[in-house]
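> Residue numbers (the UniProt record's numbering): 1 to 338.
Idealized CB from N, CA, C, for every residue including glycine.
Since we're looking at a predicted model, the values are computed, not measured.
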Amino acid sequence: MPPRKARDVKSAAPSPSPALRSSRSRSQLTSSTTDDEVTQRAVPVEETVEETVEETEEEEDEDVEGGVDGVEDEDEDGAEAAEDDSGSAKPTLADRQAKLKELRLRMNATTAANRRDLVEDHQKSKVTARELQRLEKQRKLAQTLRLKADADETGEDLERRKAWKWSIEQNERWEKKQDESKARGDSSFHNENDDAFKRYERRVRGTKVDLVGYSRQKEAALGLAPGTLVPLGMTSSALAAAGPSKMSGKLTAAEDLYRTADTLSYGDNKPSEEAIDRVMDGINKGMANKRRKKEDDDDTGDVTYINKRNKHFNKKVARYFDKYTKDIKANLERGTAL
């Protein structure tokens with residue numbers, strides 16, 4: 001509602017003409033009473049309007065104050081909640097000490113586990129192949145003794161109980177193998193011929209038969225078409241020895257395959273590269289086994305060297321000075337040295 005204009009404020013409009021002023025003066029007399037009545041009636045209305053405006057303004061002020069107070073209360077509640085949250089998120093000294101203790105326990109457990117694994121690996125590295133073989137032998141011996149003790153308690157024959165696990169065919173093969181092993185076990189030296197024959201038989205047992213080359217020779221000897229006995233796809237360098245010998249030029253395929261005591265040709269067989277490599281591998285393997293066996297025999301005594309070169313040097317020194325130091329060593333071992 002726009003503010004009411006004050007009465008003492010003069011209007012800026014032009015003054016009316018004299019005729020209009022006279023007529024207006026006459027009309028003022030008649031309407032003065034009416035104006036007084038209207039003024040008297042208007043005053044309460046204006047007062048009522050002013051009171052209403054004041055009440056509205058007071059209510060608005062109260063609402064604003066209430067809103068401000070509500071906002072302030074909400075801010076205070078939010079601040080308190082934030083303080084509570086920050087208080088709960090921030091660990092205390094006891095919580096930190098507990099967490100530190102837990103981390104230390106985990107660190108100690110990890111360190112102990114690592115040390116235990118390190119000790120186990122070190123123990124495994126010290127166990128050699130010979131030690132493993134010795135432990136396996138002891139395990140089998142303990143198992144045999146346990147079975148024997150159980151058989152003695154029950155009054156049962158142990159050999160008969162073991163024989164139940166094998167068939168007749170398996171037993172015969174085992175006895176045959178034992179007889180062959182016993183025959184080969186005669187390591188006593190008789191003469192050079194017997195020793196050479198034993199080595200020859202041992203190498204023959206370890207040699208694989210070339211069945212493909214033999215089949216090719218047999219096909220040529222019998223006059224069969226190639227691939228009759230062996231498919232053509234099975235080829236190897238051993239087939240170079242098939243057919244008649246090219247060195248003699250006099251033997252037929254049958255004579256070359258089935259030679260008799262009357263055959264004068266000798267040494268004309270040409271082995272394949274695989275056969276030569278197989279023989280060389282066998283020779284090298286035998287030499288390596290002999291050298292390893294010799295080293296094992298030498299290791300049975302006292303170890304007085306740090307490497308093979310030092311071992312050889314100690315042997316040369318012992319060859320010249322053992323006759324002087326023999327008595328001294330014996331006295332030191334007996335404890336009677338001066």
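Could you pull the start and end residues of the alpha helix (DSSP H) that residue 318 belongs to?
First-last of the alpha helix (DSSP H) with residue 318: 308-334.
> Consult DSSP for residue 190 and reduce its assignment to one of helix, strand or coil.
Residue state, collapsed to three classes: coil.
> Can you give the beta carbon distance from residue 158 to residue 147, rounded, assuming they're within the 8 Å contact cut?
So it is a contact: roughly 6 Å between Cβ atoms.
> Given residue 95, which residues of its chain have a CB within under 7 Å of its CB, disregarding the five upstream and five downstream residues?
Contacts found: none.
> By how many angstroms is the C-alpha of residue 287 removed from the C-alpha of residue 200?
Cα to Cα, the separation comes out at about 15 Å.
> With DSSP run on the structure shown, which of helix, strand or coil describes residue 305?
In the structure shown, residue 305 sits in coil (DSSP, three-state: anything other than H, G, I, E or B).
> So what does DSSP say about residue 343, is it helix, strand or coil?
Examination of residue 343 is not possible in this model, given that the chain is present from 1 through 338 alone.
> Quick check on this structure: which residue in 206, 324, 212 has the alpha carbon closest to the alpha carbon of residue 278?
For residue 278, the nearest C-alpha among the options comes from 206.
> List in chain order: all unbroken alpha helix (DSSP H) runs of 4+ residues lying wholly within the segment 84-162.
Segments of the alpha helix (DSSP H) lying fully in the segment 84-162: 93-126, 129-154.
> How long is the line joining the alpha carbons of residue 313 and residue 291, rounded to whole angstroms?
If you take the alpha carbons of residue 313 and residue 291, they lie about 19 Å apart.
> Over what stretch of residues does the alpha helix (DSSP H) that includes residue 171 continue unbroken?
Here the alpha helix (DSSP H) through residue 171 covers 168-184.
> Let me confirm a value: residue 152 is counted as buried when at least 16 other C-beta atoms fall within 10 Å, else exposed. Which label applies?
With fewer than 16 Cβ atoms within 10 Å of its Cβ, residue 152 is classed as exposed.
> With a Cβ-Cβ cutoff of 8 Å, do residue 327 and residue 275 count as a contact?
Going by C-beta atoms, residue 327 is not nearer than 8 Å to residue 275.
> Starting from residue 224 and walking both ways along the alpha helix (DSSP H), at which residues does that stretch end?
Looking at the DSSP string, residue 224 is not in any alpha helix (DSSP H), and its letter there is neither H nor E.
> Using alpha carbons as the reference points, say which of 303, 203, 325 lies closest to residue 284.
It is 203 whose Cα lies nearest to the Cα of residue 284.
> Assuming residue 320 and residue 311 are in contact, meaning their beta carbons sit under 8 Å apart, how far apart are those beta carbons, in whole angstroms?
Not quite, the Cβ-Cβ distance comes to about 16 Å (not below 8 Å), so this is no contact.
> Do you know offhand how far residue 101's Cα is from residue 127's?
Answer to the nearest angstrom: the Cα atoms are 40 Å apart.
> If you count every other CB in all the chains shown that lies within 10 Å of the CB of residue 219, and 16 or more means buried, which is it?
Classification of residue 219: buried, given that the 10 Å Cβ count is 16 or more.
> Using three-state DSSP, classify residue 165 as helix, strand or coil.
Correct three-state label for residue 165: coil.
> Expressed to the nearest angstrom, what Euclidean distance is found between the alpha-carbon atoms of residue 260 and residue 181?
Each residue's Cα considered, the two are about 33 Å apart.
> Spatial neighbours of residue 174 within its chain, please: CB distance less than 8 Å, with the 5 preceding and 5 following residues excluded, ordered by chain position.
Closer than 8 Å at the Cβ level, and outside the excluded window around residue 174, lie 166.
> For residue 267, does the count of other Cβ atoms within 10 angstroms reach 16, so buried, or fall short, so exposed?
Residue 267 comes out exposed.
> Quick check: what's the CA-CA separation for residue 155 versus residue 162?
Those two C-alpha atoms are separated by around 14 Å.
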